[in-house]
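Data block below; observations after.
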Amino acid sequence: SLTDRIDLRAGGTDAIRVHCAHPQVPNDSSNLAYRAAALMSKQFPDRFARFGGVDITIHKQIPVGAGLAGGSSNAAAVLVGIDLLWSLGLTRDELQSLGAVLGSDVPFCIAGGTALATGRGEQLAVLPALTDLYVVLAKYRSLSVSTAWAYTTYRQRFGGSYLRRSDDLEERRQQVHASPMLAAIAQRDGAQIGQRLCNDLEKVVLPAHPQVLQLREAFQQLNPIGTMMSGSGPTVFALAASQAQAEALQEQVRDAIANPDLEFWIAEFNPSGIRIVE
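Each residue of the sequence shown is one higher than the one before, counting from 748 in this note's numbering.
Written out as structure tokens, the structure reads:
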């Protein structure tokens, strides 16, 4: 699996410290993991003082700026870890409410699995786990895309189509809950899931980054179960029915593009979110 590991320790001082060897990961308050610890210190100042702050060490494997929620999952891990470290006994709902303060996808990173996200993305409805699919991910090592840029650009170009009336929003909510994609997930129908993959942010990222479009097309030509850009990019993924098919897709795309800057990962769907290893 493609995962980061977060180590948490009582700091022995009244400070929050972040350590990460990755050159693109900040060690200051701009790091979402730091902000998660700061939020917990504000919510539970007595515990923060009692345990002498917190030391956070991030062992980074998820690429930075890749559209894979690496920062959000790190923040989720800090919330879950501090709950354990400080013996707070928070429920998952309470942790997810705190996560929503940090970012719309942090609650999902806490829960993991498969879910329908509504609202800003923080309102989750659990869906059946997709345990029979493999994922091939590919990204140009030297290319990152700013999530803020992707969303801002999308709003500038397509914001006029946003729904604003409450009746329209309710109608859309009902459409989503009755969508063929949810039916395909409920039936664990990989072929239907693949056919219905859609990411609106491709409308702004692919024209701005032709190499990402080329990568997506390279996967598409091999007829995987489905392929799409992940999040705000630039990572592209394809779905496969087996480890062998995933490996074949990886090698064929690697040969087709033949760029040493392109890196790949193969992973399975994880039915859970943050996992505690003591």
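Quick reminder that beta carbons are idealized off the backbone N, C-alpha and C, glycines included.
Proximal residues to Ser819 (C-beta, below 7 Å), its chain only, five neighbours per side dropped:
Leu779, Gly850, Asp852, Val853 and Cys856
If we count the other Cβ atoms within 10 Å of its Cβ and call it buried at 16 or more, is Phe905 buried or exposed?
exposed
Alpha carbon of Tyr901 to alpha carbon of Ser908, nearest angstrom
Their backbone Cα atoms lie some 11 Å apart in a straight line.
Below 8 Å, can you find three or more Cβ-Cβ pairs linking the segment 834-843 to the segment 917-925?
no
Tell me whether Cys945 is buried or exposed, calling it buried when 16 or more other Cβ atoms sit within 10 Å of its Cβ.
exposed
Do you know how far the Cα of Val883 is from the Cα of Phe984?
Taking the straight line joining both Cα atoms gives about 5 Å.
Measuring only the C-alpha atoms, how far is Phe798 from Gln903?
Each residue's Cα considered, the two are about 46 Å apart.
Roughly how many whole angstroms lie between the Cα atoms of Ile829 and Asp1002?
45 Å
Own chain, CB closer than 8 Å to Gln790, minus 5 neighbours either side, in chain order:
Leu845
Quick one, which of Pro981, Ala988, Leu815 and Gly866 has its alpha-carbon nearest Arg911's?
Gly866
Between the alpha carbons of Gly1020 and His956, how many angstroms are there, rounded?
31 Å
Smallest Cα separation from Leu871: which of Leu890, Gly860 and Ile753?
Gly860
What does DSSP give as the partner residues of Leu874 in its beta bridges?
As DSSP reads the structure, Leu874 sits in a beta bridge with Thr861.
Per DSSP, what kind of secondary structure is His769 in: helix, strand or coil?
Secondary structure at His769: coil, using DSSP grouped into helix, strand and coil.
8 Å CB neighbourhood of Ala785 in its chain, flanking five on each side removed:
Ile763 and Ser776
So Gly973 is in the beta strand (DSSP E); what residue range does that whole segment cover?
Gly973 to Met976
Which residue from Lys886, Phe795, Asp879 and Val848 puts its Cα closest to that of Phe966?
Lys886
Buried versus exposed call for Pro971 [16 or more other C-beta atoms within 10 Å across all chains shown]:
Burial is judged here by how many other beta carbons sit within 10 angstroms of a residue's own beta carbon; Pro971 has at least 16 and is buried.
Since Ala816 and Arg782 should fall inside the 8 Å C-beta cutoff, what is the C-beta to C-beta distance between them, to a whole number of angstroms?
Ala816 to Arg782, Cβ: 15 Å. No contact.
Determine the contact status of Arg794 and Trp833, defining contact as a CB-CB distance below 8 Å.
Yes, the Cβ-Cβ distance between Arg794 and Trp833 is below 8 Å.
So, Phe988 versus Leu880, is the Cβ gap smaller than 8 Å?
The question names Phe, yet the displayed sequence has Ala at residue 988. It is a contact, given that the beta carbons lie within the stated cut-off.
Give the straight-line distance between the Cα atoms of Ala847 and Ala824, rounded to the nearest whole angstrom.
14 Å
For Ala813, which residues of its own chain have a beta-carbon under 6 Å away from its beta-carbon, when the five flanking residues on both sides are left out?
Lys886 and Thr982
Collapsed DSSP secondary structure at Thr804 in the structure displayed:
When DSSP states are grouped into helix, strand and coil, Thr804 belongs to the strand group.
Taking the alpha-carbon positions, what's the Cys767 to Asp1008 distance?
23 Å
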